[in-house]
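The next block holds one structure in the form of structure tokens; read it before the comments.
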Amino acid sequence: MGCKCCRWPVNACRMARMVKLLPLSFTGLVLFLTVHSFYNDAVITGTLLLILFFPVFGFLPRKPLNLPPGPSGIPVLGYLPFLGEKPHQEMAKLAKKYGPLVHIQLGSFPGLVVANARLAKEVLMTQDQVFSSRPDSFVTWAKHFAYYHEGSEVRYSMGTAKPGPFLRNMRRLVAVELVAPKRIEHFKAIRREEMDAMVQELLSEVKSGKQIVDLNMAIGALAMNVMSRMVIQKRYYAKDISPETKKEAYEFQRLLVTVLTWAGYPFLQDFVPGLRPLMSMISSNEREMAKMAKNTDAFFETILQEHRQRQNTVESSQDFVDVLIQSVGDDGKRLDDKAIKAVTMEMFMAGAETTATTIEWALAELLHHPDIQTNLQTELDTVIGTTRMAQESDIPNLPYLHAVIRESFRLHPVSPLMIPHSNSEATELDGYHIPANSHIFINSWAIGRDSSIWSSPEHFDPERFHKSNKFLDSQSSEDQRSMVGIDYKGLSYELLPFGSGRRGCPGMQIASHVVSVAVARLVHGFRWSLADDRAPEDMDMEERFGMNLQMRSPLHRVCCEKRLPEEVYLSM
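Below, the structure written as structure tokens:
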């Protein structure tokens, strides 16, 4: 039977098309290897070229499916080479072109980009049971940092684990022992002490007037100390800590940043599984990860053994690792040591690094918009006064502070694509067929910039969330008028900094406490401006993509000046 486009036999035509596309595949692969610097081995590049001669499966007959619209990819790799260094931004562009539901082929797996609130609600609430799984694209990371091995059903990581007893037990433990209202209140003193310590550290650097400080370091130390005292009863950043602890803190921070960066990275062998055995043998990146995994395991093994030796069974003084050691799973057995180490690391990644990044983005926007910083200081002075520092009890009475934080969440969601979801079985979404085992990306970064919901979406303006909202006129749409009371803890799908549903972030209550008080303390206690005579409009507000969306140029050099009477700082 001849092909419709030519007189050749159908199979011959398909092979001819395949050969024509090989140069495009080669170009795409080179682009992928260039953009994603993890894959820079010349040996790997040469080896991978061989697989481009075997994409015959891409041209075999397939049953037509009613898939969402989307761009064409290239054989073997699909659209992977074109996602670039900022996939969330590229996916947002695709949504503007194709609509809020976009199909992209990611190597061997179908991918789906969700870019509006209505469809996010469908995935995270209406069909949350269907989409509650995690894709298989975490295998490389999970192998090294979640003690996963081929054929195993368990990944010892709450973020990447598929639904099952392990995930259910871990979420229960976190909900009861770390983020329950009673425990949040129990840890209140820790948060207050670390807020005081951060202010005192900054004060020691600005006693003689306006001085340049490392705000990134101050915020990171705050977030790390709060989390480390809750999880392992250890304080890593302080003036009086030993040189050994300082060295340990440096190594710990380096481990977390590296592991978190890798967690958000698209490893080629995860999307083209046939490459996995080969990459495991020849990839320098795999060797580097294996070495880092050994260091990480040794670090958390030391923490685990320290806790076992002291055997703390007094509930009022237990930290989270004490609870994990004594907890029993659904099967009546104690938790595996691997599970304890992996989940402990995850608490730091999710609780310390992401919290610090969120605070830094909020302060960056206030540096970028000095008038908004002044407005917030006016509210803080009016509600709290100038004779004491802000406390957690003040937060409910600071609506403009809430507006600033919500606006920062909107423009800078710490996890712009969240952790991808997956569906274990085929389903339908918005009238389209969604194949089983699709990679579902909820693009919260794009949703926060949806012009059908947000007026001037690229502009940082807390007034959209404030009761004096200048946008609330007779011409505003109902959606735009409802932003004042919007929830950011998973109930309003226009704003999803912590996700939503059964895979939402369990630590959002603690994170919101720390973020709110930290921003209040920093802005109430100090006046902030850019160093080196830089103008606010010249500030670098670009992003560095990862599981944690950080600033490309962190706030290492900013000017800090006291703005409250001296006795206020001395009374802490």
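Numbering (the working numbering), first residue to last: 26 to 597.
Backbone N, C-alpha and C define an ideal beta-carbon position, used for all residues, glycine too.
Note that the structure is predicted; figures quoted are calculated from it, not measured.
Best match in K264, F292, G136 and F373 for proximity to M252 [C-alpha to C-alpha]
F373
Taking DSSP as the reference, what is the three-state secondary structure of W479?
coil
Using the Cα positions of V199 and G532, report the straight-line distance between them to the nearest angstrom.
8 Å
Would you decide whether K232 is buried or exposed? Buried here means 16 or more other CB atoms lie within 10 Å of its CB.
exposed
Reduced DSSP category for M576 - H, G, I as helix; E, B as strand; rest coil
strand
If you scan the region 99–153 from start to end, which runs of the alpha helix (DSSP H) of 4 or more residues do you find wholly inside it?
112–123 and 142–146
By DSSP, does Y425 sit in helix, in strand, or in coil?
helix
Suppose you measure from the CA of L227 to the CA of P561; what does that come to, to the nearest Å?
Spanning the two alpha carbons is a distance of roughly 22 Å.
Which residue wins for smallest C-alpha separation from D356, given the options T283, G189 and S449?
G189
Could you check if I328 is buried or exposed, using at least 16 other CB atoms within 10 Å of its CB as the buried criterion?
buried
Using 8 Å for Cβ pairs, my map puts L144 next to L442. What's the rounded Cβ distance?
No, L144 and L442 are not in contact; Cβ-Cβ is about 14 Å, not under 8 Å.
Three-state secondary structure (DSSP) of K232:
coil
Whose C-alpha, out of W287, Y261 and K121, is nearest the C-alpha of E276?
Of W287, Y261 and K121, the residue nearest in Cα terms is Y261.
Just verifying my parser: in three-state terms, what is the DSSP assignment at Y262?
coil
Quick test of the definition: if touching needs 3 or more C-beta pairs under 8 Å, does the region 574–585 touch the region 543–560?
yes
So A375 and A248 are in contact, right, with Cβ under 8 Å, and what is the actual spacing, rounded?
Not really, about 11 Å apart at Cβ, beyond 8 Å.
Taking contact to mean at least 3 C-beta pairs separated by less than 8 Å, is the region 378–397 in contact with the region 456–474?
Cβ pair count under 8 Å is below three, so no.
Quick one: does M317 have its CB under 8 Å from some CB of chain D?
Of the protein chains in the structure, only one exists, and it is not chain D.
Quick one: Cα of L580 to Cα of D239, how far?
CA-CA distance, L580 to D239, rounds to 7 Å.
Contact under 8 Å by Cβ, H428 with H491
The sequence given here places Ala at residue 428; His does not occur at that position. Yes, they are a contact pair.
Distance check for H128 and K207, CA to CA, integer angstroms please.
Each residue's Cα considered, the two are about 44 Å apart.
Can you tell me where the alpha helix (DSSP H) with I307 in it begins and where it stops?
R301 to I307
Based on Cα-Cα distance, which residue from L392, A387, I467 and L589 lies nearest to S541?
By alpha-carbon distance to S541, the top candidate from L392, A387, I467 and L589 is A387.
Cα separation between H464 and G95?
Within the model, the alpha-carbon separation for H464 versus G95 is close to 14 Å.
Just tell me which of E202, I472 and T379 has its CA closest to the CA of Q114.
With respect to the C-alpha of Q114, the residue from E202, I472 and T379 having the closest C-alpha is I472.
Mind reading off the beta-carbon distance from V164 to T452? Whole number of angstroms is fine, and I expect it under 8 Å.
V164 to T452, Cβ: 23 Å. No contact.
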